[in-house]
Amino acid sequence: MPRFKDVLLLVGQLNYTWTNTESLLIHIIAGLAGTDKETAIVIFLTLNTPRARMDLVERLAKLTKTPQACRADVLDATRRLGEQAKLRNKYNHCIYSFDADGESGLTQSMRIFESRDAVKYGKVEALDDVELARIQDCIKTLIAINRAFWQITDRYGFPK
């Protein structure tokens, strides 16, 4: 079973890796929109969710003026980033609880699930070694996506 400090360290690494990788969308926006980095930063910060930022990048990539190879590279990288968002969101938007020794951990979702006649909330899941391995895999994948965004930036001469 993971210890409290180990979980905090891993979730912190997940958040750092996500944020660092997501910020590289600034270079992709600048390149695809044909603008400078400063303008791309304003656009990036104006869109207040990762999904909105990825949607913009995907739409810019799909414009007919975007070369096919560039389009394919960008769409692949943003698709892979989107796949990691679910786990990142889970650990960014949950409540953590541990036993008194800081050994046994749980996460409780902060989402509401509503059906026609009922409301459910707070799905509880174990924070075990399998989950920690999932977080570690997500971090490794985000690092690879980060490298892909830098390669795209270099390959297509996007502003740095």
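For our numbering, add 1 to where a residue sits in the sequence shown, where the first one is 1.
Beta carbons: idealized from backbone N, C-alpha and C, even for Gly.
Judged by DSSP in its simplified three-state form, THR20 adopts helix.
With respect to the C-alpha of VAL43, the residue from SER24, LYS91, ARG148 and GLU59 having the closest C-alpha is SER24. DSSP links GLN152 through a beta bridge to no other residue.
For ALA127, the uninterrupted beta strand (DSSP E) run begins and ends at 125-128, by DSSP. The C-alpha of THR142 lies about 20 Å from the C-alpha of HIS94. When beta bridges are read from the DSSP output, PHE45 appears opposite no residue.
In the structure shown, the three-state DSSP call for GLY103 is coil.
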